[in-house]
Structures are given as structure tokens and as C-alpha cells.
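So the protein lines, in turn, are chains P and U.
The opening position of the first sequence corresponds to residue 479 in my numbering, with each subsequent residue numbered one higher.
The opening position of the second sequence corresponds to residue 193 in my numbering, with each subsequent residue numbered one higher.
We treat Cβ as the ideally placed atom computed from N, Cα and C, and that holds for glycine.
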Amino acid sequence: MRAEEMLGGGIVKGLAETARNFLGSFVDKERLVTVQYPEERLPVAEAARNFPFLIYDGTDPEQGLRCVACQICEKECPPRCITIEKSKDKKPDFVGKQQFYPAVFDIDVSVCMSCQICVEVCPFDAIRMDNNFELSTTDRFGGLLWTKEKLAMPNEHYLAIHPTEAAEVEARRAEERAQAEAKKQPAVTE
Amino acid sequence: MLDQAFVLLKHWLLGYTPGVIQPAISILLTIVPILLIFPVLFAVTTVLERKGLGRIQNRYGPNRVGFYGILQPMADALKSLTKEDIVPTSADHTIHFLAPLVLLAVAFLPYAVLPMGRNMIAANLDAGVLFFFAIGAISELSVFMAGWSSRNKYSLLGAMRAVAQMISYEVPLLLSSIAVIMAAGSLSTVEIVAKQAGFWGIFPRWYVLTPWGFAGFILFMIAATAETNRSPFDLPEGESEIIAGYYIEYSGFKFALFFLGEYLGMFAISGLGITLFLGGWSAPLPFLTWVPSWIWFFAKLLGLIIGFIWVRGTLPRLRMDQLMNFAWKFMLPMALVVVVSAGAWRFLGQGVMRWLVSMGFILVAYVLLARGVESRNKIAKRAYRFAE
């Protein structure tokens, strides 16, 4: 009968294993895989998504906002966390067409379930998912209701966090703009 | 001088008190250090345990509060003090309130008979060991009070498991101590330690260094682990099965008191193990006798605590039937053999003979009982049969 087959042999073997792990963790830094979060952080995956934001072009969040207040996302949102109020007047969009804009665009962070349905239904590429996950606040009412001002993010931010997806969107929009220009061009020459 | 520092300090302080209140002050000066030192040791142990378990699992353990996380117990204490104390509406409020207090009171009492250094004992009772076990049995009552009064199925299950387990393991615990009591010929803890002072050559005359004492010590520590509901015998509070067992309905500081009581019980039983088998406060080597006796006691205590933490980090929880089988089919016969072996040791004089006979008893019993345990638990690959 071998030593480890005796009653208690397995316990001794187990104790040796845990002792090896205990001492090893002091010697070998590779063993300690814990990331010390607030000081150290892992890079966020490109596909990571957490909460939607509104894209604006240019420098002015009010003027450049892509959203035309069509309210599709508001209707599609499963937990109904989006509130939109359409504006009375109109302003030109990226192809120069006159469009409405949202006078009010609120998202309740505590209700949003990060399903990305609003992103999928948006015909204007105006709403996209952010990867910022540090959303905690000390004000559980006002602090969790994000208004248009807080939701608006420049297009550069979108290009930075989701480069592949954003590149496709950029290409499509460039094409649309070119088509619109081409339509306009003959009218001017006539 | 340093060895008797605390004893002399007490006498010096007593010299300044008027004769009438001297007995009361004397009692106070004995009790207050015990009430202070062991809760502090509890705080140190919680952080040591969490860091040790963390390292065993290749984690850092708590390292946020204070330097390397050493102030974690303070944060824990503050948290449990500020938490809401919830008592279920249908609970028996009086007993629910009393259970943690009873546990804590009972956890402190055994320290009265533990000699923590030369001349450092609160109450030198002639039947110290008996007192220890008599008090230890009350902790079962407090556990059952907690489980019963909560009016929760899980806590009742946990309490029932606790009582079954504690009563089962009390038997080998007592029998392995009886071996020591037989060898020492006394129930007094001071007497037992005095019998183990002195050396055989360079080896101390501790009972753990005899064949029956070694086996007895292992049995005692296994039973002590079960007695204090520590892993791998933590069925009464098995988190994955019955959530938290008998203290499921306790929150805030009452929960902390249960925790404290449990650790105090662990220290007390470790202290008894040290007294019975590891020579109490006596030094392990002849040239180390200049080190104060109380340092040896606490060093040994810390050693046993580390052992408890190590075992907790290694072994998974037992099943109820394994627990009971182990207690009645292995621990009990083994403890009886230890008693017989200690008797042989006592009456065979000072020779090689008593070593051989004593060791022979232990080894034969161990091999036979191990075979018995193993043959019952043949682990085979499970055969699945499906309907055709």
C-alpha cells in the first residue's frame, strides 16, 4: 500500500498543494492574477457596450446632434426608458435637409437594460452604445436621469471606442452625402 | 523577571488598593485582560485568515483598509455596528436576543482554567478540564436557541446539524483528553502542564511526543475543529446548502457576536489542546527557557490557529453521513485505543518496551480502522441506465 493510499494520505497531499500555492503567491507574481481595479484596469473590448449616447457632428452639441426626434427608439425601447419631445422648429441635417430635433431627450439610466435595440432601429445613426461602465452616482433621482446635454458625445468619441463599426457608418454617410450633393449639383448648373 | 511581569504588575497594583476592595480589584485585574486580549486576537485572526485563504487561492486578500489591509477588522466592526438589527416578526424575541449573549458568555468562561503562563491562570480549579468541557457543552444550547428562536427552516436545520455534530464529536474529544488525564493523574490544568515541564535530553516531555499523545493530539484537533464548527466540519452553517445555518436571521452586531463567540471557542479549545498535549507554556527546547512563558503559550496558540486556517483552505465540506461515519466508526474506536495505549504507557515503566507497545496499539488500530473506512466507501464510476 503506497503512502498516499492510506487514510489521511490525500489530506496530506492536499495540505502540501495549498502550502505550495500559499508560498508560491509570495514568490511568483504570475500567480496573482487579480487586477487591482481602480488603480489598474484591463483594456475594454471593442464590442463592449453599456449605455447609449447621442452622437453630434462638429463642435456644437446643440447644432450637430444627428437625432431628428423621429421617436422610433422611444417606441421600441422595451423598458421604456427613453423620453423624447419633438421641437417646434426645424434645422438642417448633415445633407442639408430641414429636420426636427429633440427639444427633450432623456434616458433613465436605472431603467435602461443595455439591449441596444434603440441603436439597431435608429435610421440616422444618431444613437450608439457607450462602453463607460462607471456610472455610479450619489443622487439616485436626478443623477440617474440623463438629459440631452449629458448624452451628447462627439463623433470622434464613437470613432475611438468602436472603430470598426464607426468606419462602416462613416463610409455609408459619406456615400449618402455624395449622392445628395450629386442630386443638388445639376440643379445649380441648369 | 519578564516571565512574571504581568503577575508582578498585578500585585504591585493591588498594593495600592485598600484592603476592603482588594478581592474585587484582584478579580477585575484578572478578568479584564482576558476580555481584552482574546477579542483583539480575534480581530487579528480574521484578517490573518482572510489574507491566508487569499494567498492559498492565489489572491491578495483584503489590502485596502490601512497598511496592507491590517485595519480591515475595524472596518468590519464599524460596518456591523451601523447595520440594521433585523428580528423576524414571528421569531421568539427574547431567546433570539439571548442566544448570542449566551454564546459569548460561554465562550469566555473556559479561559478561566487555561494557564497562559507560569502562575498566570484566572482560576486554578482542581477539576479544570472537567469545568472546561462542562462549559463547552453550553455552547450547543446557545446554538440551538439561535436556530429554534429564529423560526426559519434553514436555521432549525443548521441548529439540528450543529447539535448532532457537536454531541458526536464531544465523545472522541473527551476520550482523547482522558488519555492525558490518565497519564498526568490529575484534572487540574496547572498540574497537567507541570507534568509536561522538563526535558528528556533535548526533547520536551510533552505528551504530543509520545505515540499515544501524538494520536490523541490529532484526534483532539479533528474533534476540536468539528466542535467549533470550522471547515471542513462547517455543515451547520454550510453557505451553499442552508445559507448560513443557525445564524441566518441574525444581522448587524448580533451576527458579529456569533462570529466572535465562534472564534473565542476556537481559541479556547486550541488553548486546551496546548495545555493537554503541547506542554502549555513550557519552552520547546532546553536552551529557550529564558523566553517568557506567556510568549510560548501565545506562539503555540498562533501556530494552531494557522493550522486551522490551513485546513480550512484545503479541505472541502463533508457530507452529513460522512461526518457521522467518521465520528462513530473511526474517531471513537481510535480514541478508545488511544486510551488503552496511554494506559500501557503508564504501567510499562521507563523502557523501550512501552514505546513499542504503545506505538503498536496505535498503528494496528489505525491500519485496521482505515481499511474498514476505505472498504465501505468504494468509489466506482457511476453507471447510468436509460430507458430503452
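By how many angstroms is the C-alpha of Arg-651/P removed from the C-alpha of Ser-565/P? For the purposes of this step, residue 565/P is identified with residue 87 of the first sequence, where counting begins at 1. For the purposes of this step, residue 651/P is identified with residue 173 of the first sequence, where counting begins at 1. Counting only the Cα atoms, Arg-651/P lies some 24 Å from Ser-565/P.
CB of Thr-417/U to nearest heavy atom of the ligand FAD: below 7 Å? Looking at this structure, you won't find the ligand FAD or any other ligand, since it has none at all.
Short Cβ contact (8 Å threshold) for Gly-444/U with Glu-276/U: Within the second sequence, residue 444/U is the residue found at index 252, counting from 1. Within the second sequence, residue 276/U is the residue found at index 84, counting from 1. Taking the C-beta atoms as reference points, Glu-276/U is found nearer than 8 Å to Gly-444/U.
Would a check of beta-carbon distances place Gly-505/U closer than 8 Å to chain P? Numbered from its first residue, the second sequence carries residue 505/U at position 313. At a cut-off of 8 Å between beta carbons, Gly-505/U contacts chain P.
Please classify Arg-546/U: does DSSP put it in a helix, a strand, or coil? Position 354 of the second sequence, counted from the start, is the residue given in the question as residue 546/U. Arg-546/U: helix per DSSP, three-state reduction.
Along the segment 507-541 of chain U, where does the CB come closer than 7 Å to a CB of chain P? Name the residues. Listed by position, the residues of the segment 507-541 of chain U near chain P (Cβ gap below 7 Å) are Leu-507.
Euclidean distance between Cα positions of Tyr-636/P and Asp-506/P: Residue mapping note: residue 636/P aligns to position 158 of the first sequence, counting from 1. Residue mapping note: residue 506/P aligns to position 28 of the first sequence, counting from 1. The alpha-carbon atoms of Tyr-636/P and Asp-506/P are separated by roughly 40 Å.
Neighbourhood of Thr-467/U by C-beta distance below 7 Å, restricted to the same chain and skipping five residues each side: The residue given as residue 467/U occupies position 275 in the second sequence. So the list reads Leu-306, Pro-307, Thr-381, Ile-384 and Val-385, once near-sequence residues are dropped.
Once you ignore the five residues that flank Val-279/U on each side, which residues in its own chain have a CB closer than 7 Å to its CB? As a working mapping, residue 279/U is identified with position 87 in the second sequence. In chain order, His-285 and His-288 place their CB closer than 7 Å to the CB of Val-279/U, counting only its own chain and leaving out the 5 sequence neighbours on each side.
Under 8 Å, do Val-239/U and Pro-265/U count as touching if we go by C-beta distance? In the second sequence, residue 239/U corresponds to position 47, counting from 1. In the second sequence, residue 265/U corresponds to position 73, counting from 1. Cβ atoms of Val-239/U and Pro-265/U: closer than 8 Å.
Please identify, using Cβ separations under 9 Å, the residues of the segment 550-579 of chain U that lie next to chain P, in order along the chain. Of all residues in the segment 550-579 of chain U, only Tyr-558, Val-559, Leu-561, Ala-562, Arg-563, Val-565 and Glu-566 come within less than 9 Å of chain P when Cβ atoms are compared, listed by chain position.
Residue range of the unbroken alpha helix (DSSP H) whose run includes Tyr-455/U: Indexing the second sequence from 1 puts residue 455/U at position 263. For Tyr-455/U, the enclosing alpha helix (DSSP H) covers residues 444-469.
Chain C within 8 Å of Ile-489/P, Cβ atoms only: You won't find chain C in this structure, because its protein chains are P and U.
Since Leu-493/P meets chain U, which of its residues come closer than 7 Å, beta carbon to beta carbon? On the first sequence, residue 493/P is found 15 positions in, with the first residue counted as 1. In chain order: Trp-502 and Thr-506.
Which class does Leu-263/U belong to by DSSP, given the choice of helix, strand or coil? For the purposes of this step, residue 263/U is taken as the residue at position 71 of the second sequence. Leu-263/U: coil per DSSP, three-state reduction.
Pair within 8 Å by beta-carbon distance, Phe-553/U and Ser-533/U: In the second sequence, residue 553/U corresponds to position 361, counting from 1. In the second sequence, residue 533/U corresponds to position 341, counting from 1. The answer is yes: Cβ separation under 8 Å.
Three-way DSSP call (helix, strand, coil) for Phe-391/U in this model: Walking along the second sequence from the start, residue 391/U turns up at place 199. Of the three classes helix, strand and coil, the one that applies to Phe-391/U here is strand, per DSSP.
What's the C-alpha gap between Phe-489/U and Gly-309/U? On the second sequence, position 297 is the one that residue 489/U refers to. On the second sequence, position 117 is the one that residue 309/U refers to. Phe-489/U and Gly-309/U: Cα-Cα distance of roughly 7 Å.
What's the gap between the Cα of Glu-668/P and the Cα of Gln-549/P? Along the first sequence, one-based indexing puts residue 668/P at 190. Along the first sequence, one-based indexing puts residue 549/P at 71. With a pLDDT of 47 at Glu-668/P, under the threshold of 50, the modelled position of that residue is not reliable, and the figure given next carries that caveat. Taking C-alpha positions only, Glu-668/P is separated from Gln-549/P by approximately 38 Å.
Every unbroken beta strand (DSSP E) within the segment 515-595 of chain P, with a cutoff of 3 residues, ordered by chain: 529-534, 560-564 and 580-586, all fully within the segment 515-595 of chain P.
Counting only C-beta atoms, is Leu-510/P closer than 8 Å to chain U at any point? For the purposes of this step, residue 510/P is identified with residue 32 of the first sequence, where counting begins at 1. Output row for Leu-510/P: interface = yes.
Kindly identify the DSSP beta-bridge partner or partners of Leu-623/P. Translated into the one-based positions of the first sequence, residue 623/P becomes position 145. Leu-623/P pairs with Asp-586/P.
Do you know whose CA, among Thr-209/U, Val-298/U, Thr-417/U and Ile-229/U, lies nearest Phe-323/U's CA? Numbered from 1 along the second sequence, position 131 holds the residue referred to as residue 323/U. Checking every option, the nearest Cα to that of Phe-323/U belongs to Val-298/U.
Indicate the three-state DSSP secondary structure (helix, strand or coil) for Met-484/P in the structure shown. Taking the first sequence and counting its residues from 1, the one referred to as residue 484/P is at position 6. Assignment of Met-484/P by DSSP, reduced to helix, strand and coil, places it in the coil class.
Run through chain U and tell me which residues come within less than 8 Å of Leu-520/P, C-beta to C-beta. Within the first sequence, the letter at position 42 stands for residue 520/P. None at all; the shortest Cβ gap to chain U is about 16 Å.
For Ser-368/U and Ala-572/U, what's the separation of their Cα atoms in angstroms? Taking the first residue of the second sequence as 1, we reach residue 368/U at position 176. Taking the first residue of the second sequence as 1, we reach residue 572/U at position 380. Pairing Ser-368/U with Ala-572/U, the inter-Cα distance amounts to about 34 Å.
Can you confirm whether the segment 481-499 of chain U touches the segment 324-336 of chain U when touching is taken to mean that 3 or more C-beta pairs between the two stretches lie within less than 8 Å? Judged by Cβ distances under 8 Å, the segment 324-336 of chain U makes no contact with the segment 481-499 of chain U, as fewer than three pairs qualify.
Any Cβ of chain U within less than 8 Å of the Cβ of Thr-496/P? For this step, residue 496/P is matched to residue 18 along the first sequence. Closer than 8 Å to some Cβ of chain U, the Cβ of Thr-496/P qualifies, so yes.
By alpha-carbon positions, which one of Cys-593/P, Thr-616/P, Thr-512/P and Gly-536/P ends up nearest to Arg-606/P? Counting from one through the first sequence, the residue named residue 606/P turns up at place 128. Ranked by Cα distance from Arg-606/P, the first of Cys-593/P, Thr-616/P, Thr-512/P and Gly-536/P is Cys-593/P.
Own chain partners of Phe-257/U with C-beta closer than 6 Å, once the 5 adjacent residues on each side are dropped: Position 65 of the second sequence holds residue 257/U. The sequence as given places Val at residue 257/U; Phe does not occur at that position. The residues are Leu-263, Gln-264 and Ala-267.
Interface flag, Leu-623/P vs chain U, CB-CB below 8 Å: On the first sequence, residue 623/P is found 145 positions in, with the first residue counted as 1. No - not a single Cβ of chain U is within 8 Å of the one on Leu-623/P.
Cβ-based neighbour list, Met-479/P, same chain, cut-off 8 Å, excluding 5 preceding and 5 following: Numbered from 1 along the first sequence, position 1 holds the residue referred to as residue 479/P. Bear in mind that a pLDDT of 48 at Met-479/P, under 50, signals an unreliable position, so the model cannot answer this.
Neighbour flag for Ile-248/U against chain P, beta carbons, 8 Å: Residue mapping note: residue 248/U aligns to position 56 of the second sequence, counting from 1. By this cut-off, Ile-248/U is an interface position.
Backbone CA spacing between Phe-611/P and Val-503/U [nearest angstrom]: As a working mapping, residue 611/P is identified with position 133 in the first sequence. As a working mapping, residue 503/U is identified with position 311 in the second sequence. Phe-611/P and Val-503/U have their C-alpha atoms roughly 39 Å apart.
Please decide whether Leu-613/P counts as near chain U, where near means a Cβ-Cβ distance under 8 Å. For the purposes of this step, residue 613/P is taken as residue 135 along the first sequence, with counting starting at 1. Not closer than 8 Å to any Cβ of chain U, the Cβ of Leu-613/P fails to qualify, so no.
Compute the beta-carbon to beta-carbon distance between Gly-246/U and Tyr-252/U, rounded to the nearest angstrom, for a pair I have assumed lies under 8 Å. Counting from 1 along the second sequence, the entry for residue 246/U is found at position 54. Counting from 1 along the second sequence, the entry for residue 252/U is found at position 60. That pair is a contact at about 6 Å.
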